[in-house]
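Residue numbers (the working numbering): 13 to 99.
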């Protein structure tokens with residue numbers, strides 16, 4: 013049985029993980045359309061590979077560990093995550 017996952021993270025200037033512990037998910041991650049600027053994303057704390065993510069853009073990912081995804085952005089900007097736990 014899959015569990016529903018709905019996460020909204022309010023961003024600031026420091027990276028924050030999408031989940032506090034291992035959480036494997038099939039989900040869509042969207043930078044809130046009203047964000048002031050591109051948010052940044054990195055995987056597993058790797059500062060060498062940080063990507064900009066434009067406001068309003070959503071990406072569907074399968075079997076991703078949300079604890080490994082970290083986001084930061086302008087204060088008050090948001091990232092939305094909707095999906096299910098992976099089988």
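Note that the Cβ used here is the ideal one computed from N, Cα and C, for glycine as well.
Considering only the beta carbon of each residue, do residue i and residue j sit closer than 8 angstroms?
i	j	result
residue 53	residue 80	no
residue 17	residue 93	yes
residue 64	residue 50	yes
Under DSSP, the beta strand (DSSP E) around residue i begins and ends at which residues?
i	result
residue 71	70-77
residue 52	51-55
residue 83	81-84
residue 64	63-65
Mind checking who residue i pairs with in its DSSP beta bridge?
i	result
residue 91	21, 43
When you compare only the Cα positions, how much space is there between residue i and residue j?
i	j	result
residue 26	residue 82	9 angstroms
residue 43	residue 30	13 angstroms
residue 77	residue 68	22 angstroms
residue 24	residue 38	25 angstroms
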